[in-house]
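Each number in the working numbering corresponds to the 1-based position in the sequence shown with 680 added.
Even for Gly, the Cβ is constructed at its ideal location relative to N, Cα and C.
Here the structure is a predicted model, which means the values were calculated and not measured.
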Amino acid sequence: MPSPFEYAPAPESRAVVDIKPSYGLFINGEFVDGHGASFKTISPATEEVLAEIAEADEADVDAAVRAARTAYDKVWSRLPGRERAKYLYRIARIIQERSRELAVLESLDNGKPIKESRDVDVPIVAAHFFYYAGWADKLEYAGHGADPRALGVAAQVIPWNFPLLMLAWKIAPALACGNTVVLKPAETTPLTALLFAEICQQADLPPGVVNIVTGAGGTGQALVGHPGVDKVAFTGSTAVGKAIARSVAGTSKRVTLELGGKAANIVFDDAPIDQAVEGIVDGIFFNQGHVCCAGSRLLVQESIAEDLLERLKARMSTLRMGDPLDKNTDIGAINSGEQLKRIRELSEVGDAEGAERWEVACELPTKGFWFPPTLFTGVSQAHRIAREEIFGPVLSVLTFRTPAEALEKANNTPYGLSAGVWTEKGSLILKMASSLRAGVVWANTFNKFDPTSPFGGYKESGYGREGGRHGLEAYLK
Ligand code: TAP
């Protein structure tokens, strides 16, 4: 039956962003040409070419690392913490002032809905810079020794799912601790990192403190392998994380790895069911499921499974998919053709293994990369869709009878990044939280992020923590 209420289109204006036809690399406070072949970044919602981006080769990476070293030796490591804090505050304020521009650009380049980039990503980005500005002159009280010192030059490589937020998680603590950085954004989402470079210029950040080198995996490899870096911070897939761990083994480089996940979102029979349904939807469909800590395995107590699934399907049917710049859009575009292919392939594996697919009946746009919100029932522990990260809007549903069985199933994964628990019993929450092998456990909520709270994984989800007081440790001697 057609809905009695239709939404009128509510597009956010693109006029606020000024996308240049081409971008260089940001080295030593200036935009310079790269020596590699350039590449195009596109809008995944329309496949429109947004800009031509320079690719950094080894010589460019070398120039960026040298600029960062000089800035470290001559300026940044000599500044007292309170002076570094002023720069971080200034950057945070400019991010707030230019938040609309950043949000629109992020949605254009990444495909995520504007209401997420506007209300989640960009405010948390600003909050990170404010938070770590506060630490810059208090490092000796952070619990990491009486005289903590910076490491030097940090090489930082980030993925495409939260381009600006991952940049903030990396750059804010590094600078607060007195390090300088060379950051490589993902090939498919370089634009907000390049706008951030302009913000560094606007904040009069000394040249070389932040350097941005764009490119693909080869550029990342050249950066983490450069002998002049003291620290490698990587967020991305477990496969690349393992390769990086191997490449830096035997060197004096410090490493933190934030990798993949396959989180269990566990719903007990006494949970407030409608709130749990909202949490499940938020857990797996937020950011099209391109979330390392997504609640991609729903574990639901058998006695309420039928009722919960009925309500979940009804709620999923109300999700609005389409133009990322429309303020009513809940689900945007898949970030790339390559990622869409992976989501399709793994979903087909789910069909082949005998799980039952249900997806929202909706018309997909003819251009761009799209995948409807989908769930699989009849999933067993052995199924690949219960074990591998799909990194898309696909939920695998399993059932359990007792808390012990839920725990056993939740922990039966090579990953250990996050988990969710839904129940009215505080004692059960505490029991589950202390027994779940996951870096973050949310109770009666999901996907909540805060700069004061550490984030990171166990097992194949990586090592090291980002965020909070703990996040400083990765950037201090
Ligand atoms: P990756 O393919 O691993 O890419 C991550 C970054 O590393 C990109 O900038 C990539 O460049 C670069 N890269 C690729 N090969 C490299 C190499 N050999 N050496 C150095 N750098 C290299 O992951 P992705 O597909 O972009 O992101 C999805 C993955 O990230 C998921 O598994 C997700 O769970 C994980 N993730 C984890 C977290 C946390 S906090 N744990 C947060 C977000 C995402 P190009 O993109 O240009 O090829």
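query                                                                                                                                                                                  : result
With a Cβ-Cβ cutoff of 8 angstroms, do Lys1089 and Ala919 count as a contact?                                                                                                          : no
Have a look at Lys1139, Leu768, His808 and flag the residue whose alpha-carbon is nearest the alpha-carbon of Ile879.                                                                  : Leu768
Hey, Ile707 and Ala743: beta-carbon distance below 8 angstroms or not?                                                                                                                 : yes
For Asp801, is the classification buried or exposed, using 16 other Cβ atoms within 10 angstroms of its Cβ as the cut-off for buried?                                                  : buried
Leaving aside the five residues before and after Ser702 along the sequence, list all residues of the same chain whose C-beta is less than 8 angstroms from its C-beta, in chain order. : Ser718, Ala731, Glu732, Ile733, Ala734
Check whether the Cβ atoms of Leu785 and Leu871 sit closer than 8 angstroms, and answer yes or no.                                                                                     : yes
Would you identify the three-state DSSP class for Pro691, choosing helix, strand or coil?                                                                                              : strand
Taking 7 angstroms as the line, does the beta carbon of Pro839 fall inside it for any heavy atom of the ligand TAP?                                                                    : yes
Are the CB atoms of Gly905 and Ala736 within a distance shorter than 8 angstroms?                                                                                                      : no
Output the boundary residues of the alpha helix (DSSP H) element that contains Ala902.                                                                                                 : 897–905
Among the candidates Gly761, Lys922, Ala725, Arg758, whose CA atom is the shortest distance from the CA of Tyr1143?                                                                    : Lys922
So does Leu874 have its beta carbon nearer than 7 angstroms to some heavy atom of the ligand TAP?                                                                                      : no
With the cut-off set at 8 angstroms, would you say Pro886 and Ala751 are in Cβ contact?                                                                                                : yes
With DSSP run on the structure shown, which of helix, strand or coil describes Thr750?                                                                                                 : helix
Contact between the segment 1098–1114 and the segment 991–1006: three or more CB pairs below 8 angstroms?                                                                              : no
Starting from Ile722, trace the beta strand (DSSP E) in both directions and tell me its first and last residue.                                                                        : 719–722
Do Val861 and Ala830 have their C-beta atoms closer together than 8 angstroms?                                                                                                         : no
Rounded to whole angstroms, how far is the Cβ of Phe842 from the Cβ of Leu979, which I believe are closer than 8 angstroms?                                                            : Not a contact, Cβ separation roughly 26 angstroms.
Which residues in the same chain have their Cβ closer than 8 angstroms to the Cβ of Val741, if we skip the five residues on either side of it in sequence?                             : Val862, Val893, Thr899, Ala902, Leu903, His906
State the start and end residues of the unbroken alpha helix (DSSP H) segment that holds Ala1113.                                                                                      : 1106–1115
Can you find a heavy atom of the ligand TAP that lies under 7 angstroms from the Cβ of Cys880?                                                                                         : no
Nearest by alpha-carbon distance to Asp1006: which of Arg1117, Phe685, Pro793, Leu759 is it?                                                                                           : Pro793
Alpha carbon to alpha carbon, how far is Leu844 from Trp815?                                                                                                                           : 21 angstroms
So is Leu875 buried or exposed if we call it buried at 16+ other beta carbons inside 10 Å?                                                                                             : buried
For Ala765 and Lys850, what's the separation of their Cα atoms in angstroms?                                                                                                           : 16 angstroms
Under 7 angstroms from any heavy atom of the ligand TAP, does the C-beta of Leu649 make it?                                                                                            : What is shown of the chain runs 681 to 1157, which leaves residue 649 out entirely.
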